[in-house]
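One structure is given below, encoded as structure tokens.
Residue numbers (full-length UniProt numbering): 1 to 176.
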């Protein structure tokens, strides 16, 4: 064979062998296999956990049923003892105190609280239902009733601003 054919055949064999090695040795393939194993383990763990939860609640239901049956047996025992040992008057008093003997009361339907006064057909005012008048230094003053605002409190002076709007004299203004 000639050299060119031998070179082409060797090159083709090398490409095929290299592609096969890359396919088998790729890390993505190994990672995919590991992910599949992890997924299967997680599914098995989840199924095991679900089985444990099912067993727990089945056992709980059995225990509650047993407890209910025991309560029923105790109640029947006490009832038979009361019938045998108590007088008629004692049984009537016990029946009067029983929850079964309480007559059903007709309850009025409950409704949501209203955010308005029903008679006024509007929203509540700030002073709705308050009988105590406001007093103190910050209470509103009605000048028409008193004639002069006796209880008026002057706002504090703002020394950062000029004196023109504060009502100070020109001497005080010069001192600044």
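We treat Cβ as the ideally placed atom computed from N, Cα and C, and that holds for glycine.
Is the beta carbon of residue 91 less than 8 Å from the beta carbon of residue 82? Taking the chain shown and counting its residues from 1, the one referred to as residue 91 is at position 91. Taking the chain shown and counting its residues from 1, the one referred to as residue 82 is at position 82. Yes.
Is residue 110 helix, strand or coil by DSSP? Along the chain shown, one-based indexing puts residue 110 at 110. Residue state, collapsed to three classes: coil.
Following the continuous alpha helix (DSSP H) through residue 73, name the residue where it begins and the one where it ends. To locate residue 73, count along the chain shown from 1; it is residue 73. For residue 73, the uninterrupted alpha helix (DSSP H) segment begins and ends at 27-85.
In whole angstroms, give me the CA-to-CA distance for residue 2 and residue 10. What you label residue 2 is simply residue 2 of the chain shown in a count that begins at 1. What you label residue 10 is simply residue 10 of the chain shown in a count that begins at 1. A straight-line Cα-Cα distance of about 13 Å links residue 2 and residue 10.
Please report how far the alpha carbon of residue 33 lies from the alpha carbon of residue 12, in whole angstroms. The sequence position of residue 33 within the chain shown is 33, counting from 1. The sequence position of residue 12 within the chain shown is 12, counting from 1. The alpha-carbon atoms of residue 33 and residue 12 are separated by roughly 30 Å.
Take residue 51 and list the residues in its own chain whose beta-carbon comes closer than 6 Å to its own, dropping the five residues that flank it on each side. Taking the chain shown and counting its residues from 1, one reaches residue 51 at position 51. The beta carbon of residue 51 is closer than 6 Å to none in its chain, skipping five residues each way along the sequence.
Give the secondary structure of residue 101 by DSSP, where H, G and I count as helix, E and B as strand, and everything else as coil. Here residue 101 refers to the residue found at position 101 when the chain shown is read from its first residue. Low per-residue confidence applies at residue 101: pLDDT is 47, beneath 50, and the placement is therefore not dependable, though the value from the model is reported in the following sentence. In this structure, residue 101 counts as helix in the three-state DSSP scheme.
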